[in-house]
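To start, the structure itself, in structure tokens.
2 protein chains.
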Amino acid sequence: MRRKHVFVLLLMIALSPAAPRAQSRKSIAEKLGFASDAKLLIVHADDVGMTHAVNAATIKALESGSVNSASIMVPCPWFPEIADYAKTHTDADFGLHLTLTAERVYYRWGPVAPRDQVPSLVDENGYFRHDWTAGTHIERRDAEREIRAQIERAYAMGIRPTHLDSHQYRLYQTGKELFDVLVRVAHEKRVPFFVVREWFADHPYLEAGLGPDDIVIDHTVTIDPGVPPEKWAEFYGTAIRNLQPGVTEFVIHVAFADEEMKAATRERDTWGAAWRQRDFDFFSGAQFRELLQQEKIHLVTWRQLSHAQ
Amino acid sequence: MRRKHVFVLLLMIALSPAAPRAQSRKSIAEKLGFASDAKLLIVHADDVGMTHAVNAATIKALESGSVNSASIMVPCPWFPEIADYAKTHTDADFGLHLTLTAERVYYRWGPVAPRDQVPSLVDENGYFRHDWTAGTHIERRDAEREIRAQIERAYAMGIRPTHLDSHQYRLYQTGKELFDVLVRVAHEKRVPFFVVREWFADHPYLEAGLGPDDIVIDHTVTIDPGVPPEKWAEFYGTAIRNLQPGVTEFVIHVAFADEEMKAATRERDTWGAAWRQRDFDFFSGAQFRELLQQEKIHLVTWRQLSHAQ
Numbered sequence: 000m001r002r003k004h005v006f007v008l009l010l011m012i013a014l015s016p017a018a019p020r021a022q023s024r025k026s027i028a029e030k031l032g033f034a035s036d037a038k039l040l041i042v043h044a045d046d047v048g049m050t051h052a053v054n055a056a057t058i059k060a061l062e063s064g065s066v067n068s069a070s071i072m073v074p075c076p077w078f079p080e081i082a083d084y085a086k087t088h089t090d091a092d093f094g095l096h097l098t099l100t101a102e103r104v105y106y107r108w109g110p111v112a113p114r115d116q117v118p119s120l121v122d123e124n125g126y127f128r129h130d131w132t133a134g135t136h137i138e139r140r141d142a143e144r145e146i147r148a149q150i151e152r153a154y155a156m157g158i159r160p161t162h163l164d165s166h167q168y169r170l171y172q173t174g175k176e177l178f179d180v181l182v183r184v185a186h187e188k189r190v191p192f193f194v195v196r197e198w199f200a201d202h203p204y205l206e207a208g209l210g211p212d213d214i215v216i217d218h219t220v221t222i223d224p225g226v227p228p229e230k231w232a233e234f235y236g237t238a239i240r241n242l243q244p245g246v247t248e249f250v251i252h253v254a255f256a257d258e259e260m261k262a263a264t265r266e267r268d269t270w271g272a273a274w275r276q277r278d279f280d281f282f283s284g285a286q287f288r289e290l291l292q293q294e295k296i297h298l299v300t301w302r303q304l305s306h307a308q
Numbered sequence: 000m001r002r003k004h005v006f007v008l009l010l011m012i013a014l015s016p017a018a019p020r021a022q023s024r025k026s027i028a029e030k031l032g033f034a035s036d037a038k039l040l041i042v043h044a045d046d047v048g049m050t051h052a053v054n055a056a057t058i059k060a061l062e063s064g065s066v067n068s069a070s071i072m073v074p075c076p077w078f079p080e081i082a083d084y085a086k087t088h089t090d091a092d093f094g095l096h097l098t099l100t101a102e103r104v105y106y107r108w109g110p111v112a113p114r115d116q117v118p119s120l121v122d123e124n125g126y127f128r129h130d131w132t133a134g135t136h137i138e139r140r141d142a143e144r145e146i147r148a149q150i151e152r153a154y155a156m157g158i159r160p161t162h163l164d165s166h167q168y169r170l171y172q173t174g175k176e177l178f179d180v181l182v183r184v185a186h187e188k189r190v191p192f193f194v195v196r197e198w199f200a201d202h203p204y205l206e207a208g209l210g211p212d213d214i215v216i217d218h219t220v221t222i223d224p225g226v227p228p229e230k231w232a233e234f235y236g237t238a239i240r241n242l243q244p245g246v247t248e249f250v251i252h253v254a255f256a257d258e259e260m261k262a263a264t265r266e267r268d269t270w271g272a273a274w275r276q277r278d279f280d281f282f283s284g285a286q287f288r289e290l291l292q293q294e295k296i297h298l299v300t301w302r303q304l305s306h307a308q
């Protein structure tokens, strides 16, 4: 039965003229009532729920309007805190940051599904694997069970996600099989998911895996370890001044660099406490707001994209 | 096979003259080379691993000598941090604080065993139950599976526990069945466990469940919500001045009252951030050290008790 479904889905994908369809219809901007060359931006904070310091900074950034969308890690210990917030702030644009890894050393988490049902995802101590290497085989079924369990816990605890995405891009970068799991579950739950047109060249299975009504983000920007701390504002400033027409998602990581966050990330600086404090500081600052005005950039949320679609 | 073991164990317990044996042999104090009326004290910090703030305060208190023993919650998110510390500080007197509940609201944890194997321990979202009420039925097998899983993870991650005890006293107060699980597993692993002679009157099954070589602590002191914050030092001061001969364990809860700890415990003040900061402050302070000297109290660890036995 399941095989038959997969076959039918693959057939549908094979028969659907994926590439030309985007050009033949109204753009997202036009559907939202903007000019066809409008510059639309989602300022998206990842990793909500990971620590209290991430939750507190994300809530502050959302409430001050500097961040307008975010996604939540259901397996993490501070998930109940953000679930409680989401339940009482139903306008907030929260998605689920589907999580299959626990990349820290001193602070860890494991699957929501019973771990004996997702053996390829867990390490010898029962946490999610710290990393996936070329030799790691992730069972498609384990990934599917686990993301279903995360979505179910989120719904059970009162979250109505506006979108899905994938922690550390694992569901995009690992191959067709895992991306197809994301698409299948997202379609079934009728929740849009993050995917970017710019990624199609490197990973053709992404485009091939999409259905005719899936939202495709045009561009994405995320800062990486190549940018030294003192160039943070310059990097984002340049990205904003060079923003192209269409929908761009800035994937950022905010937190307060307090004792908890410093301890949770102390084994390396990348995506660490100071990194996340810099993201918080830039996107909460006046410079960012001025640049948006100056460059005539419109903030949009996943909820808006979803309604337009 | 397992049933046979249980039967033999029960038979041994039934045949062992538990009550008279303590009087007929050397006291722990004497075995440790102290006078028979010496006042021995374990200053024991519970809940290590619960948060980073608990870990940091416990480590500081252990290193300054004001706390000399502690026990670790394996299912908690910050367990890896304290496991790493324990591995590199093998003199530290760490036990395992066997945990079957997740009593907080915004910050939660669940079982180490696959949760479908311990269904009576988990709530509808897969965390440990927030609380056990009169109507809660905990399956003995689930409790045993879970505490075995916690001990296995602790060993696998490099901890060699000097003792076992039970978070929120659940394995002592819930009835004979769960206490017998603790005793059986502790005997099998050859690790001493916390049990107090003063408890026998209220819970006769505790005494009945012991083996002939089990260590029995004479007295225990723990502060409770009836003590107002401004009376904290007075409560402990009185307890120290009134300390009786034999072995007493002070069960305390230390943490730094930082953002993480305040958020993790914000739904109630009991055993909250300020409570734990007060415990840290009293036991790190000069008054405590002076009282110990003045009252001729000797600090002992679980490791020392174990070697004496």
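Chains as they are written, first to last, in numbering that gives the first Met the number 0: chain Z, 0 to 308; chain S, 0 to 308. From the three backbone atoms N, C-alpha and C, an ideal C-beta is built for every residue, glycine too.
Residues near residue i by beta carbon distance below 6 Å, same chain, minus five either side
i, result
"T98 (chain S)", "M72, P74 and H166"
"L291 (chain Z)", "none"
"H117 (chain Z)", "Reading off the sequence shown, one finds Val at residue 117 (chain Z), where the question assumed His. Result list for V117 (chain Z): P110, D141, R144 and E145, in chain order."
"I214 (chain S)", "P191, L304 and Q308"
"Y235 (chain S)", "F281"
"V182 (chain Z)", "G208"
"L177 (chain S)", "A142 and L170"
"A112 (chain S)", "R144, E145 and A148"
Helix, strand or coil at residue i according to DSSP, with G and I counted as helix
i, result
"G245 (chain S)", "strand"
"P19 (chain S)", "Because P19 (chain S) carries a pLDDT of 41, less than 50, the predicted location of this residue cannot be relied on, and the following value inherits that uncertainty. Helix at P19 (chain S)."
"S35 (chain S)", "coil"
"L205 (chain S)", "helix"
"S26 (chain S)", "coil"
"I216 (chain S)", "strand"
"V226 (chain Z)", "coil"
"V190 (chain Z)", "coil"
"V53 (chain S)", "helix"
"A238 (chain S)", "helix"
"A112 (chain S)", "coil"
"Y106 (chain S)", "coil"
Opposing strand residues paired with residue i [DSSP bridges]
i, result
"A44 (chain Z)", "Z:A69 and Z:I251"
"V182 (chain S)", "None, per the DSSP bridge assignment."
"G94 (chain Z)", "Z:S70"
"L298 (chain S)", "S:L40"
"V121 (chain Z)", "Z:F127"
"S165 (chain Z)", "Z:L97"
"V195 (chain Z)", "Z:I216"
Neighbourhood of residue i by C-beta distance below 8 Å, restricted to the same chain and skipping five residues each side
i, result
"E197 (chain Z)", "D217, H218 and T219"
"T315 (chain Z)", "Any answer about residue 315 (chain Z) is impossible in this case: the structure gives chain Z only from 0 up to 308."
"E29 (chain S)", "S35"
"D45 (chain Z)", "A69, S70, H96, D164, H166, V250, I251 and H252"
"V180 (chain S)", "R139, A142, E143, I146 and L170"
"R240 (chain S)", "L290 and E294"
"V226 (chain Z)", "F234"
"N54 (chain Z)", "V47, G48, W77, E80, I81 and Y84"
"G174 (chain Z)", "Y204"
Same chain, Cβ closer than 7 Å to residue i, neighbours up to 5 away in sequence not counted
i, result
"E187 (chain Z)", "none"
"G271 (chain S)", "T264"
"I58 (chain S)", "Y84"
"Q22 (chain Z)", "Any reading at Q22 (chain Z) must be qualified, since the residue scores a pLDDT of 47, below 50, and its modelled position is unreliable; the value itself is stated next. Nothing listed; no residue qualifies."
"V104 (chain S)", "E266"
"E151 (chain Z)", "none"
Chain S contact for residue i (CB, 8 Å cutoff)
i, result
"M72 (chain Z)", "no"
"D244 (chain Z)", "Looking at the sequence shown, residue 244 (chain Z) is not Asp but Pro. P244 (chain Z) does not count as touching chain S."
"A254 (chain Z)", "no"
"Y168 (chain Z)", "no"
"A91 (chain Z)", "no"
"E396 (chain Z)", "Here chain Z covers residues 0 to 308 and nothing more, so residue 396 (chain Z) does not appear."
"D36 (chain Z)", "no"
"E233 (chain Z)", "no"
Min CB distance residue i to chain Z below 8 Å
i, result
"Y154 (chain S)", "no"
"Q22 (chain S)", "Residue placement at Q22 (chain S) is flagged as unreliable, the pLDDT there being 47, under the threshold of 50; the coordinate-derived value follows with that caveat. Cβ-Cβ to chain Z under 8 Å: no for Q22 (chain S)."
"H51 (chain S)", "yes"
"R314 (chain S)", "Residue coverage of chain S in this structure runs from 0 to 308, which leaves residue 314 (chain S) outside it and unanswerable."
"G125 (chain S)", "yes"
Expected contact under 8 Å - CB spacing of residue i and residue j to nearest Å
i, j, result
"H136 (chain Z)", "Y171 (chain Z)", "About 18 Å separates the two Cβ atoms, so there is no contact after all."
"A262 (chain S)", "Q276 (chain S)", "Not confirmed; about 14 Å, so no contact."
"P228 (chain S)", "A256 (chain S)", "With 8 Å as the limit, P228 (chain S) and A256 (chain S) do not qualify as a contact, their Cβ atoms being about 12 Å apart."
"E259 (chain Z)", "H51 (chain S)", "5 Å"
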